[in-house]
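Working notes, structure below.
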Amino acid sequence: MNNRTWMSRSLAGTAVMMLGFTLAGCGGGGGDASGRPENELHLAVYGDASNKVEQAMVDTFNETSDVKIVLDTIPGADYQTKLQTIIDTDSAPDIFFNWGGGSIANFVEADLLMPLDDLIEEDPQLKEAFLPSVFETAVVDDKSYGIPMRGTQPVMLFNNSEVLQQAGIDAPPATWDELLEDVEKLKAAGVTPIALGGADQWPTQMWFQYVFDRVAGEGLFQAALDGDTEVWDSEESREALGKLRELIDAGAFGTNFDSVKFTDGGSPTLLSSGRAGFELMGSWAYATHLDANPEFAENVLGYSEFPAIEGGEGDPDNLAGNTNNFYSIHKDTRYPEEAAEFLKLMYSDEFVQEQIAIGNLPTTTNTEEFLGEASNPEYAKYQFDLVKEAPHFQLSWDQAYPPEATVTIHTAVAQFFSGQIDEDGFIKAMQSL
Amino acid sequence: MTTLATRRQAAPGGSTTSRPARSGASSVGRPGFAWALPATIFFALFALVPLAAVAVLSFTSWSGLGDPEFVGFENWETLIADPVMLKSLWLSLLFIVLGVVTQTPLSILLGVWAAGNQRNRAILSAIYFIPLLLSSAAISVLWRALLDPNFGIPGQLSWLFGDGNLLGTQSGAIGVLIFVGMWQFTPFHTLIYQGAAKGIPTVLYQAAAIDGAGTMRQFFAITLPQLRNTAITSIILMVVGGLTTFETVLILTNGGPGTDTTITAFYMYQEAFQSFDFGVGSAIALVLVVVATLISLVVVKVSGYDKMNSSLEGL
Chain A
1 MNNRTWMSRS
11 LAGTAVMMLG
21 FTLAGCGGGG
31 GDASGRPENE
41 LHLAVYGDAS
51 NKVEQAMVDT
61 FNETSDVKIV
71 LDTIPGADYQ
81 TKLQTIIDTD
91 SAPDIFFNWG
101 GGSIANFVEA
111 DLLMPLDDLI
121 EEDPQLKEAF
131 LPSVFETAVV
141 DDKSYGIPMR
151 GTQPVMLFNN
161 SEVLQQAGID
171 APPATWDELL
181 EDVEKLKAAG
191 VTPIALGGAD
201 QWPTQMWFQY
211 VFDRVAGEGL
221 FQAALDGDTE
231 VWDSEESREA
241 LGKLRELIDA
251 GAFGTNFDSV
261 KFTDGGSPTL
271 LSSGRAGFEL
281 MGSWAYATHL
291 DANPEFAENV
301 LGYSEFPAIE
311 GGEGDPDNLA
321 GNTNNFYSIH
331 KDTRYPEEAA
341 EFLKLMYSDE
351 FVQEQIAIGN
361 LPTTTNTEEF
371 LGEASNPEYA
381 KYQFDLVKEA
391 PHFQLSWDQA
401 YPPEATVTIH
411 TAVAQFFSGQ
421 IDEDGFIKAM
431 QSL
Chain B
1 MTTLATRRQA
11 APGGSTTSRP
21 ARSGASSVGR
31 PGFAWALPAT
41 IFFALFALVP
51 LAAVAVLSFT
61 SWSGLGDPEF
71 VGFENWETLI
81 ADPVMLKSLW
91 LSLLFIVLGV
101 VTQTPLSILL
111 GVWAAGNQRN
121 RAILSAIYFI
131 PLLLSSAAIS
141 VLWRALLDPN
151 FGIPGQLSWL
161 FGDGNLLGTQ
171 SGAIGVLIFV
181 GMWQFTPFHT
191 LIYQGAAKGI
201 PTVLYQAAAI
211 DGAGTMRQFF
221 AITLPQLRNT
231 AITSIILMVV
241 GGLTTFETVL
251 ILTNGGPGTD
261 TTITAFYMYQ
271 EAFQSFDFGV
281 GSAIALVLVV
291 VATLISLVVV
301 KVSGYDKMNS
311 SLEGL
């Protein structure tokens with residue numbers, strides 16, 4: 001068994017590399033539409049519950065078009081790997097799902113994507129029908145490469161209102177000092193103040209995104225992303241790290257957060273079972289709770305914006321998280337006009353209604369008209385207003401950077417929280433990007 | 001008796017029919033190179049060629065987009081200076097040693113026991129066998145859920161596990177990985193030892209019993225020496241398996257906390273398929289190939305396995 005898996009592992013590993021090697025050789029030389037299937041457009045999306053809507057849009061499009069769209073759903077966890085492996089080959093999708101920002105920066109650099117500015121000139125709605133803070137995420141070097149195609153997912157501070165009440169907390173914290181006070185009250189009440197799925201690493205990163213934004217404003221991270229790594233060693237950066245350290249040392253996250261995951265239901269259950277007071281999480285947390293414990297989601301789950309930090313430069317209305325997902329078009333597509341036609345469906349009433357029906361919150365300007373149809377209109381409206389009013393919507397750090405930075409960022413945030421590295425260690429890790 | 005007689009009677013007739021077959025075999029002679037051709041082609045195509053390609057890739061910078069770009073020894077310089085790489089090799093070594101030390105005694109005991117004739121043997125052996133039928137991924141997901149600090153076993157046994165932060169500390173995470181590896185692979189090695197223990201001639205035990213040797217004495221004087229070659233086989237499999245443990249690390253700890261369980265095989269995956277640096281990933285893969293080959297050679301030399309001495313000599 002050991003031996004066989006060893007063989008198959010090493011064979012599979014090397015074979016995949018070998019395959020990639022030869023395919024790249026072929027694809028690099030080709031680089032035109034001739035190798036692509038006739039009368040077909042391939043649409044690659046991240047495989048999950050939202051595929052229902054994508055299929056519905058494809059069906060709508062195929063009813064009237066001679067060129068048919070084929071929907072290829074790729075299982076979620078493997079999406080970016082699979083995409084990166086095929087994007088420079090003849091098997092590349094014509095239109096594909098992405099997160100904007102760093103997830104497409106490499107593709108733009110390798111000249112694999114079609115700028116959408118000409119299409120936008122022909123049909124300005126392709127840009128104007130979407131909230132600007134969201135649309136900006138898929139703009140690289142002043143050219144637009146993506147059209148928003150799912151829901152926005154801002155990160156919010158969720159709470160268990162019953163636990164807060166029992167601990168004597170009347171309202172979610174509006175400021176950092178209030179948050180520190182609440183942590184003490186919750187500790188006194190015998191619960192973990194803040195649930196954290198540290199083993200997943202990205203939930204830990206959410207704390208950095210917000211604290212850095214509140215303390216230093218959105219400029220610091222943008223400067224770092226643009227190549228000025230000195231900003232990580234700035235006074236603001238150290239102050240942000242100091243705030244985080246203060247919170248960790250106060251015991252806000254308990255002691256065993258590095259063994260807890262969000263993805264397997266660990267940290268959300270801490271919140272819903274009343275063993276934790278808060279959890280910082282993306283807007284999908286509502287759907288997670290609704291699925292596992294509907295009564296809790298509807299009656300007990302509370303939510304608020306990330307608290308303001310006194311004296312910080314960032315606007316307290318700034319948001320962080322997944323601005324939206326996007327469709328980009330491959331430069332080598334055989335049918336650019338048809339692909340553009342398909343993208344126009346992304347601001348149609350039908351699209352907005354379908355997205356809202358499955359609990360997503362689209363970011364078109366006409367979304368507001370349909371918020372009443374959401375399963376929880378109040379929650380949908382709260383989120384939509386946050387996104388609409390946000391002066392800046394920071395894309396998650398691990399998606400703003402190209403994929404090769406993810407491991408470094410995730411390891412650094414996790415090690416900082418567990419105390420394996422200090423401020424200097426974190427700064428050094430981020431400067432290595 | 002009657003069946004024996006008929007067989008003997010049939011023998012002369014049978015010999016005439018077997019004669020052409022025997023002459024045919026002698027004309028073929030010893031198997032030539034052609035016999036090894038299919039396996040050689042397969043091995044070359046799926047092992048040697050990719051290995052060569054990986055060797056080439058290790059001198060390039062390639063993210064999977066465009067063509068690989070030749071960068072000389074840059075990846076190797078990066079690796080040599082990389083503290084995580086060195087740490088991953090030590091961790092891999094630690095995993096191998098701990099794996100062998102925990103799995104070998106257990107599987108020898110279970111295997112020898114399972115080779116006996118007890119009434120409950122078949123049922124219990126079948127139960128012990130179950131982990132072998134599960135995929136590594138399923139096993140990892142299962143233990144991940146069981147070890148949740150708040151809602152799993154540690155949450156119920158807080159007197160034993162404290163705050164249950166098993167996967168959040170280096171010693172805890174290594175302990176969990178070794179334990180899960182033991183749970184998963186002991187049945188396989190038990191099976192090897194069971195087969196080998198069954199093959200030990202009973203005359204040895206009968207002779208020992210006449211000389212007055214008890215069960216313990218028989219185990220140490222007969223069973224263990226007779227299992228020597230099996231133990232070497234089993235240990236080599238454990239070494240190579242330990243060196244390339246991957247799924248359990250990916251799912252249970254994701255190399256964490258920090259890089260505290262980032263063993264070399266996992267680090268290779270991380271560099272190649274998460275950081276999309278196929279050059280460095282290939283270099284790590286080559287290191288892994290070299291280290292695995294060296295360790296196997298050392299084990300074979302030290303153990304005298306290459307001489308293939310029969311443990312049944314003199315019987």
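If you're matching them up, the sequences are chains A and B in order.
In terms of the UniProt record's numbering, the first sequence opens at residue 1 and continues consecutively.
In terms of the UniProt record's numbering, the second sequence opens at residue 1 and continues consecutively.
Note that CB positions come from ideal geometry on N, CA and C, so glycine has one too.
Exercise for review: Note down, in chain order, each residue of its chain lying with its Cβ closer than 6 Å to the Cβ of A:ARG214, except the 5 sequence neighbours on either side.
Suggested key: ILE309, GLY312 and GLY314
**Study point:** Pair within 9 Å by beta-carbon distance, B:ALA272 and B:LEU243
**Key:** no
**Study point:** Whether A:ASP141 touches A:ALA110 by CB criterion (9 Å)
**Key:** no
Point to revise | Contained beta strand (DSSP E) runs [length at least 3] in the segment 165 to 226 of chain A, N- to C-terminal order | key: 192 to 195
Review point. If we count Cβ pairs, one from each stretch, closer than 8 Å, do we get three or more for the segment 233 to 251 of chain A versus the segment 149 to 156 of chain A?
Key: no
Point to revise | A:GLY27, buried or exposed, once every other Cβ within 10 Å from all chains shown has been counted against 16 | key: Unreliable positioning characterises A:GLY27 in this predicted model, as indicated by a pLDDT of 39, which lies under 50. A coordinate reading is not provided.
Review point. Between B:GLY168 and A:ASP258, what straight-line distance do the alpha-carbon atoms span, to the nearest angstrom?
Key: 4 Å
Point to revise | Rounded distance between the beta-carbons of A:LEU371 and A:THR323, thought under 8 Å | key: Wrong, their Cβ atoms sit about 18 Å apart, outside the cutoff.
Check your understanding: Is the CB of B:LEU167 under 9 Å away from at least one CB in chain A?
Key -> yes
Check your understanding: chain A partners of B:PRO257, CB-CB under 8 Å?
Key -> ASP258, ALA414, GLN415, SER418 and GLN420
Exercise for review: Could you have a look at A:SER375 and say whether DSSP puts it in helix, strand or coil?
Suggested key: coil
Point to revise | Touch test, the segment 188 to 201 of chain A against the segment 252 to 272 of chain A, Cβ-Cβ under 8 Å, three pairs minimum | key: yes
Check your understanding: Using a C-beta cutoff of 9 Å, does B:PRO201 count as contacting chain A?
Key -> no
**Study point:** Within 7 Å of chain A by C-beta, residues of the segment 273 to 302 of chain B in sequence order
**Key:** PHE273, GLN274, SER275, PHE276, ASP277, PHE278, SER282 and ALA285
Point to revise | Distance between A:PRO75 and A:ARG150 (C-alpha atoms, nearest Å) | key: 17 Å
Review point. What is the rounded straight-line gap between the Cα of A:ALA138 and the Cα of A:ILE147?
Key: 8 Å
Exercise for review: Below 8 Å CB to CB, which residues in the same chain sit around A:THR192 once its five sequence neighbours on both sides are set aside?
Suggested key: LEU186, PHE253, GLY254, LEU270, ARG275, ALA276 and GLY277
Exercise for review: Anything in chain B within Cβ reach of A:ASP88, meaning under 8 Å, just list it in chain order.
Suggested key: GLY64, LEU65 and GLY66
Review point. Which stretch, first to last residue, makes up the beta strand (DSSP E) that contains A:TYR46?
Key: 40 to 47
Review point. Using a C-beta to C-beta distance shorter than 7 Å, which residues of chain A count as neighbours of B:ALA213?
Key: The contacting residues do not exist; B:ALA213 stays about 34 Å from chain A at best.
Review point. How many angstroms separate the CA atom of B:ASN122 from the CA atom of B:PHE129?
Key: Note that residue 122 of chain B corresponds to Ala in the displayed sequence, not to Asn. About 10 Å.
Check your understanding: Taking C-alpha atoms, which residue in A:LEU119, A:SER65 and A:GLU298 lies nearest to A:SER144?
Key -> A:LEU119
Point to revise | Residues, ordered as in the chain, of the segment 263 to 296 of chain A that lie near chain B by beta-carbon distance below 7 Å | key: ASP264, GLY266, THR269, LEU270 and ARG275
Check your understanding: From which residue to which residue does the alpha helix (DSSP H) around A:GLU337 run?
Key -> 336 to 344
Review point. Between the Cα of residue 437 of chain A and the Cα atoms of A:THR60, A:ASP78 and A:PHE61, which residue gives the shortest distance?
Key: Nothing in the structure corresponds to residue 437 of chain A, since chain A is present only between 1 and 433.
Exercise for review: For the alpha helix (DSSP H) containing A:SER328, list its first residue and its last residue.
Suggested key: Unbroken run through A:SER328 is the beta strand (DSSP E), 326 to 329; no alpha helix (DSSP H).
Check your understanding: Which stretch, first to last residue, makes up the alpha helix (DSSP H) that contains A:TYR286?
Key -> 285 to 292
Exercise for review: Starting from the N-terminal side, write out each stretch of the alpha helix (DSSP H) that is 4 residues or longer and does not extend beyond the segment 203 to 254 of chain B.
Suggested key: 215 to 218 and 228 to 243
Practice item. Note down, in chain order, all residues in the segment 117 to 145 of chain B with a beta-carbon under 9 Å from any beta-carbon belonging to chain A. Key: LEU132, SER136, VAL141, ARG144 and ALA145
Practice item. State the Cα-Cα distance for the pair A:SER50 and A:ILE358, rounded to the nearest angstrom. Key: 7 Å
**Study point:** Short-range partners of chain A found in the segment 147 to 163 of chain B, where Cβ spacing is below 7 Å
**Key:** ASP148, PRO149, ASN150, PHE151 and ASP163
Check your understanding: Terminal residues of the continuous beta strand (DSSP E) containing A:LEU319?
Key -> 319 to 322
**Study point:** Beta-carbon contacts of A:GLU162 that lie in its chain and below 6 Å, excluding the five residues immediately before and after
**Key:** VAL300
Check your understanding: Around the C-beta of B:ASP260, are 16 or more other C-beta atoms found within 10 angstroms, so that it is buried, or is it exposed?
Key -> buried
Review point. Should A:MET281 go down as buried or exposed, given a rule of 16 or more other Cβ atoms within 10 Å for buried?
Key: buried
Check your understanding: Over what stretch of residues does the beta strand (DSSP E) that includes residue 463 of chain A continue unbroken?
Key -> Missing from the structure shown is residue 463 of chain A; chain A here goes from 1 to 433 and no further.
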